[in-house]
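Per the working numbering, the sequence shown runs over residues 70 to 154. Glycine residues also receive a C-beta, built at the ideal position from the N, C-alpha and C atoms.
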Amino acid sequence: MAPPEPAEIEQTLVQLLVDASDGRLDPATVDLGEHLYDCGYVDSLSAAPFLKAVRERFGVAVKESELIGRYESVRLLARHLGERA
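In structure tokens, the structure reads:
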């Protein structure tokens, strides 16, 4: 089984962000290169359900602190997840 394409991972992450926001986030407005916290895609309340969904979907645990300084955008997180697949 081939690993998922980066664009597929990115779109899945966008959908997980929308789900974690209870639909308040419009997927068309998500900039894949912008900081998840700075743009309001993730906040202290939505981080836990988002990361739980990431772990369940991709089998990779990511710490909230890693979203701040390491995998802070959808694009960077997708790259990390793709390398772990």
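Check                                                                                                      : Outcome
Outcome for A97 when other beta-carbon atoms lying within 10 angstroms are tallied against a minimum of 16 : exposed
Under 8 Å between C-beta atoms of L120 and E103                                                            : no
Distance, I78 Cα to R126 Cα                                                                                : 10 Å
Start-to-end residues for the alpha helix (DSSP H) that takes in E77                                       : 75-89
Under 8 Å between C-beta atoms of A122 and A89                                                             : yes
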